[in-house]
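Structure, as structure tokens:
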Ligand SMILES: Nc1nc2c(ncn2[C@@H]2O[C@H](COP(=O)(O)OP(=O)(O)O)[C@@H](O)[C@H]2O)c(=O)[nH]1
Ligand SMILES: [Mg+2]
Ligand SMILES: [Zn+2]
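In the numbering used here, the protein residues as written are 1038 to 1337.
Okay, here's the thing in structure tokens:
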């Protein structure tokens, strides 16, 4: 019988069968997945074939997100599979989400081929017609991203987000404290997701749980991965990064050298565009910072 993995602990899986019944199941034997070495063969969002209490087969994934199991390891941990979209929660105050975090996230999401909706939460804390908020929304919209302003407190944006959730599988992402759990509770109080205090365990970053759970909410499905800010790292060549910044990709076509990395090369159209304010300084800084990490071998 076909089913959807809605929760996992790494060795035990909860599968929602067609029709709604949830069974706890184990994997029969070992699955071989092509191309990736993973610590977990199955993840939340996987469609599987269940016989009794055994998972006997897994459907091919449309997409998936992974994180490196550790810096030294070549193994990866699959966080979630078959996503329609990601809601990236950010806040401009209490706390302020660093733009570099946002830009890194967007690069990885593009590489994974998962569409991102940027949700600017806690706008109730900002002055009406806040110029920074306007500029922020304008910047990311001009790059082709959907940006929704939201407040769990006043309800702004909630109706629009509910529409976007319906009928889809979405992942909730963002730094802690930006209101992800509060958002889930606002959609459905019976979920009773814990909010507020950041646990000490999470702050150390040592025993961060990586087990995802899928909630049925607002006519769709939302995946919450406690303790995960973003998608973790992904193998990328230096020359690839510019492809995941739409504006750098566009202007980069006019650089003198086809392999221009837009640092100090002569006749670089990207640097000229930054100077002419056609490319945002903060986006360019994020680009340089990712490039630096890759050159330093941090992603290897
Ligand atoms: N002012 C304001 N506070 C919010 C909003 N959403 C969440 N919060 C508060 O922000 C804190 C962190 O929220 P939480 O949902 O735990 O964030 P998470 O770590 O992303 O899950 C809590 O104290 C919430 O009450 C909002 O829209 N406006
Ligand atoms: Mg939370
Ligand atoms: Zn260039």
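Glycine is no exception: its CB is placed at the ideal position from the N, C-alpha and C atoms.
Nearest-angstrom Cα distance between residue i and residue j?
i, j, result
"residue 1244", "residue 1262", "The predicted position of residue 1244 is uncertain, since its pLDDT is 43 and thus under 50; no value can be drawn from it."
"residue 1179", "residue 1145", "19 Å"
"residue 1053", "residue 1321", "44 Å"
"residue 1089", "residue 1066", "15 Å"
"residue 1060", "residue 1174", "43 Å"
"residue 1100", "residue 1078", "14 Å"
"residue 1299", "residue 1306", "8 Å"
"residue 1297", "residue 1276", "8 Å"
"residue 1332", "residue 1316", "23 Å"
"residue 1155", "residue 1124", "6 Å"
Just to check my reading of the structure: residue i and residue j have Cβ atoms closer than 8 Å, yes? What is that Cβ distance to the nearest angstrom?
i, j, result
"residue 1126", "residue 1211", "3 Å"
"residue 1218", "residue 1231", "6 Å"
"residue 1203", "residue 1289", "Going by Cβ atoms, the distance from residue 1203 to residue 1289 rounds to 38 Å, so no, they are not a contact pair."
"residue 1193", "residue 1323", "Wrong, their Cβ atoms sit about 27 Å apart, outside the cutoff."
Is it buried or exposed, residue i, if we count other Cβ atoms within 10 angstroms and call 16 or more buried?
i, result
"residue 1128", "buried"
"residue 1334", "exposed"
"residue 1291", "exposed"
"residue 1294", "exposed"
"residue 1272", "exposed"
Measure from the alpha carbon of residue i to the alpha carbon of each residue in the options, then state which is nearest.
i, options, result
"residue 1209", "1078, 1323, 1095, 1117", "1117"
"residue 1091", "1038, 1252, 1134, 1223", "1038"
"residue 1325", "1190, 1304, 1254, 1285", "1285"
"residue 1050", "1062, 1098, 1220", "1062"
"residue 1104", "1112, 1097, 1098", "1112"
"residue 1020", "1122, 1102, 1130", "It is not possible to answer for residue 1020, since the shown part of the chain is limited to 1038 through 1337."
"residue 1139", "1177, 1313, 1122, 1227", "1177"
Query raised in the report: Using 8 Å as the threshold, is the region 1247 to 1255 in touch with the region 1144 to 1163, meaning 3 or more CB pairs across them?
Result: No, because fewer than three Cβ pairs between the region 1247 to 1255 and the region 1144 to 1163 fall closer than 8 Å, the two stretches do not touch.
Requested in this report: State whether the region 1074 to 1092 contacts the region 1041 to 1050, with contact taken as three or more CB pairs (one from each stretch) at a distance under 8 Å.
Outcome: The region 1074 to 1092 makes contact with the region 1041 to 1050: 3 or more CB pairs, one atom from each, lie closer than 8 Å.
Query raised in the report: Is the region 1193 to 1208 in contact with the region 1164 to 1171, if contact means three or more CB pairs nearer than 8 Å?
Result: Taking 8 Å as the limit for Cβ pairs, the verdict is that the region 1164 to 1171 does not touch the region 1193 to 1208.
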